[in-house]
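So the sequence lines, in the order shown, correspond to chains V and F. Per my numbering, residue 1 is the first one in the first sequence, and the count goes up by one each step. Per my numbering, residue 198 is the first one in the second sequence, and the count goes up by one each step. Backbone N, C-alpha and C define an ideal beta-carbon position, used for all residues, glycine too.
2 protein chains.
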Amino acid sequence: MPRRSLSHEKRREFLPILAKAFAELSYRRTTTAELARRCDVRENILYRLWPDKKAMFIAAIDYVFDLSAKTWGAILAECKTPAEGASRLLEYEARHHGEFGHHRIVFAGLSETDDPEIRAALRRMFGRFQRFLANQIETSRGRKSSKSAAEPAMIAWAMLGLGTAANISRELDLLTGAQRRRLIGQMGELLLSHSAA
Amino acid sequence: MPRRSLSHEKRREFLPILAKAFAELSYRRTTTAELARRCDVRENILYRLWPDKKAMFIAAIDYVFDLSAKTWGAILAECKTPAEGASRLLEYEARHHGEFGHHRIVFAGLSETDDPEIRAALRRMFGRFQRFLANQIETSRGRKSSKSAAEPAMIAWAMLGLGTAANISRELDLLTGAQRRRLIGQMGELLLSHSAA
DNA sequence: CCGATGTGTAACTGTTCACTTACATTATGA
DNA sequence: TCATAATGTAAGTGAACAGTTACACATCGG
């Protein structure tokens, strides 16, 4: 058995490049030729690492989630109370949301939901994000959560909507950076405050 | 000068069909052949009514906005006070949001924002929706708006985000119909109540 | 009834693109 | 050192698709 495979390493090496390409060009306009060019290899080499273009796209979706989850986890690790974590997270998002253009991968995916595998990948991603947020909200509200407090799940969805609105407004140049920060900061605060009401 | 043109009528006749096709298939996967098939004509006939496929898509975007604006206007016309209008609107959206699948046209457009014309069409659409909502919020809060009240523009964006989150959760089957109604209803109420705080 | 123009049919074209095949080269374990 | 499998190069294939062209027919004003 000669020459052990470097496939795993190569996959990891190429993943950020794929993600960037899909973010910049969306799914359909990203040609496999372009992907190969950016990775500085031939097309068939990519086809040895992934079965087809769709698999490359799904790998990019998962990569984006993993990256976000890692960042969020790091922020939370630095915080003492869950409540502090929630507002630190919000502040971070208000400042950096959409910075890497990764939300464009989500937009691209959302127009390919007819494909069951892409759909499943997005489901996984949104589901995880939503659960992550809901958990954070749940644990950050003290024991004193009254009956009037809204469900964490709903608040989590509203927060996801807030982030998406921020991304759309950025994508279409409808809000300035400062306005987007106010949007996420103020509205997020509003939602959070009511989660503990 | 024989035989006056029926182009205008034809365009209006085909528009809902185009919109439906783009909503179901997204932009790239909607072929001009498929559009022609659904309209029960040949391709070149569509090309006499619109210069190219992109123009057909943009026409569909505008059509979707016009349709929504008309519905919203009708609801508002039935209401006495702006405040009643706001909550009726919310209730209506909670119940019917995304019903026609038109949000999928927006998703499709959001992955084609590299094209300046498509981008402009989306900008127009989101801008109008946001202004519509902001206006409604502005006029619905009484004279008694305190300093602590959030900016209508931000609340309007948050509402758009809420609608988008609802659409995503519907698209990916992550929330049931009842849950989506609660999401828009409760969270929308929350945002609105603070607009008048 | 004639000629101009609108409407319809049918076939075609040139390109783009996902994916493949054939073959050369290189590194490794036995 | 040699068989073996990984890695790389280059060219190609077949299908899909946006947009076009050529031509037949219908309808109307003059």
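- Two segments are said to touch when three or more pairs of C-beta atoms, one from each, lie closer than 8 Å; by this definition the segment 282-294 of chain F does not touch the segment 220-234 of chain F.
- What Thr310 of chain F touches in chain V, judged by beta-carbon distance under 9 Å, is Ser26, Arg104, Phe107, Glu171, Leu172, going in chain order.
- If you look at Thr164 of chain V, you'll find it in the alpha helix (DSSP H) that goes 152-171.
- Neighbours of Leu380 of chain F in chain V, taken as residues at a C-beta separation under 8 Å, are given in chain order as Met154, Trp157, Ala158.
- Residue V:Ala153 holds the alpha-carbon nearest to the alpha-carbon of Met384 of chain F among V:Ser140, V:Gly185, V:Ala153.
- In this structure, Trp354 of chain F lies near Ser169 of chain V, with their beta-carbon atoms less than 9 Å apart.
- Separation of Gly360 of chain F and Leu389 of chain F (C-alpha to C-alpha, rounded to the nearest whole angstrom) is 14 Å.
- Contact check for Asp237 of chain F against Ala318 of chain F fails: the beta carbons are separated by 9 Å or more.
- For Arg320 of chain F, the residues of chain V that pass the 9 Å Cβ criterion are Leu172, Asp173, Leu174, in the order they occur in the chain.
- In the structure shown, Val238 of chain F falls within a coil segment according to DSSP collapsed to helix, strand and coil.
- Going by beta carbons, Ala363 of chain F and Gly295 of chain F fall inside the 9 Å limit.
- For Gln130 of chain V, the uninterrupted alpha helix (DSSP H) run begins and ends at 116-140, by DSSP.
- Our two residues, Ala331 of chain F and Ala134 of chain V, have alpha carbons roughly 28 Å apart in a direct line.
- The shortest CA-to-CA distance from Arg378 of chain F to any of F:Tyr289, F:Arg245, F:Cys276 is the one to F:Tyr289.
- At a cut-off of 9 Å between C-beta atoms, Gln333 of chain F does not count as an interface residue with respect to chain V.
- A residue is called buried when at least 16 other Cβ atoms come within 10 angstroms of its Cβ; Leu232 of chain F meets this threshold and is buried.
- When the five nearest sequence neighbours on each side are left out, the beta carbons in the same chain lying within less than 8 Å of the beta carbon of Glu138 of chain V are those of Pro152, in order along the chain.
- Apart from the 5 residues on each side of it in sequence, Gln376 of chain F sits with its Cβ closer than 8 Å to the Cβ of Ser366 in its chain, given in chain order.
- Leu215 of chain F counts as buried, since no fewer than 16 other beta carbons sit within 10 angstroms of its beta carbon.
- Listed in chain order, the non-local C-beta contacts of Lys20 of chain V below 6 Å within the same chain number zero, local neighbours out to five positions each way being set aside.
- Between Ala220 of chain F and Phe297 of chain F, the C-beta gap is smaller than 9 Å, which places the two residues in contact.
- In the structure shown, Ala149 of chain V falls within a coil segment according to DSSP collapsed to helix, strand and coil.
- At a Cβ-Cβ threshold of 9 Å, Ser7 of chain V and Arg38 of chain V do not count as neighbours.
- In the structure shown, the three-state DSSP call for Thr268 of chain F is helix.
- The C-beta of Ala166 of chain V comes closer than 9 Å to at least one C-beta of chain F.
- In this structure, the beta-carbon distance from His299 of chain F to Leu243 of chain F does not fall below 9 Å.
- Sequence-distant Cβ neighbours of Thr81 of chain V in its own chain, meaning closer than 8 Å and more than five residues away, are Ser140.
- Spanning the alpha carbons of Arg123 of chain V and Ile381 of chain F requires a straight line of approximately 20 Å.
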